[in-house]
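Colleague:
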Amino acid sequence: MTASRTFSSPTAIFSRRNKLYLQTAGGKLLNAGGQAGPALQAAKSYRGAAFADFNNDGQMDVAVAALDDYPSLLMNQGVKGNHWILIRLAGSKSNRFGVGARITVASGDKTQTREVKAGGSYASCNDPRAHFGLGSAEVVKEIKVVWPSGKITRLTDVPADRILTIEE
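According to this note's numbering, the stretch in the sequence shown is residues 53 to 220, in order.
As structure tokens, this is what we get:
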């Protein structure tokens with residue numbers, strides 16, 4: 053029942069604008085969708101989001117699927133000048149993409165860990181490569197990969213701003 057309202061299609065009742073939240077220095081989340089461009093202004097029946105660095109520039113982008121419509125590709129044109137590293141695993145004893153591996157990156161004064169996963173959101177799959185934002189650090193002090201097979205790979209003093217393939 054739609055309370056006497058008529059919809060143009062069966063999916064129109066689910067149409068909403070996507071949200072984009074910006075975390076402030078104080079830890080609060082602000083809805084920044086209004087400043088993020090026209091793609092976030094369109095109301096559609098969105099169903100899944102896949103996160104990846106589609107153009108390999110070090111900034112994470114988002115592909116968003118919608119029912120009865122074309123997908124949207126939201127290209128991140130954020131702050132330039134911060135450093136990054138994107139790590140692609142190539143398993144031999146473990147699975148080919150290193151799914152289940154834990155990657156730890158130490159740079160500057162912080163340490164970050166990612167687990168390589170398959171899947172992501174409803175009806176979508178994220179990039180299997182692990183993205184690490186490095187801020188002002190131009191070199192990664194250490195990369196440690198714990199493979200599903202139990203093997204451990206360590207690399208030191210790796211330059212930033214690159215896509216790095218690590219083989220098991």
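A virtual CB, placed ideally from N, CA and C, is assigned to each residue, including glycine. Since we're looking at a predicted model, the values are computed, not measured.
#1: What are the boundary residues of the beta strand (DSSP E) that residue 106 is part of?
#2: Could you give the residue range of the beta strand (DSSP E) that holds residue 182?
#3: The beta strand (DSSP E) with residue 73 in it runs from where to where?
#4: Would you mind giving the Cβ-Cβ distance between residue 84 and residue 124, rounded to the nearest angstrom? I have them listed as a contact below 8 Å.
#5: Across which residues does DSSP place residue 78 in a beta bridge pair?
#6: Since residue 134 contacts residue 79 with CB under 8 Å, what's their CB separation in whole angstroms?
#7: Taking all protein chains shown into account, decide if residue 138 is buried (16 or more other Cβ within 10 angstroms of its Cβ) or exposed.
#8: What's the call for residue 206, buried or exposed, on a 16-neighbour Cβ count within 10 Å?
#9: I'd like to check one pair, residue 175 with residue 190: are the Cβ atoms closer than 7 Å?
#10: Considering only residues of the same chain and omitting the five flanking positions on each side of residue 53, which have a CB-CB separation below 6 Å?
#11: Could you check the C-alpha separation between residue 74 and residue 130 for me, to the nearest Å?
Modeller: Answer, in terms of the structure:
#1: Counting from 1 along the sequence shown, the entry for residue 106 is found at position 54. Taken as a continuous stretch (DSSP letters only), residue 106 belongs to no beta strand (DSSP E), as it is neither H nor E.
#2: Residue mapping note: residue 182 aligns to position 130 of the sequence shown, counting from 1. Bounds of the beta strand (DSSP E) holding residue 182 are 182–187.
#3: As a working mapping, residue 73 is identified with position 21 in the sequence shown. Start and end: 73–75.
#4: Position 32 of the sequence shown, counted from the first residue, corresponds to residue 84. Position 72 of the sequence shown, counted from the first residue, corresponds to residue 124. In fact, because the Cβ distance is near 16 Å, the residues do not count as touching under 8 Å.
#5: Sequence index remark: in the sequence shown, residue 78 carries index 26 (1-based). None; residue 78 has no bridge partner.
#6: Residue 134 sits at position 82 when you count from the first residue of the sequence shown. Residue 79 sits at position 27 when you count from the first residue of the sequence shown. Cβ-Cβ separation between residue 134 and residue 79: approximately 20 Å, too far for a contact (criterion under 8 Å).
#7: Numbered from its first residue, the sequence shown carries residue 138 at position 86. Residue 138 comes out buried.
#8: Here residue 206 corresponds to residue number 154 of the sequence shown, with the count starting at 1. Exposed, by the Cβ-count rule.
#9: As a first step, residue 190 must be located in the sequence shown, where it is residue number 138. As a first step, residue 175 must be located in the sequence shown, where it is residue number 123. With respect to the 7 Å criterion, residue 190 and residue 175 are not classified as neighbours on the basis of their beta carbons.
#10: As a first step, residue 53 is located in the sequence shown; it is residue number 1 there, counting from the start. With a pLDDT of 48 at residue 53, under the threshold of 50, the modelled position of that residue is not reliable, and no figure is offered here.
#11: In the sequence shown, the residue the question calls residue 74 occupies position 22. In the sequence shown, the residue the question calls residue 130 occupies position 78. Taken atom to atom, the span from the alpha-carbon of residue 74 to that of residue 130 is near 12 Å.
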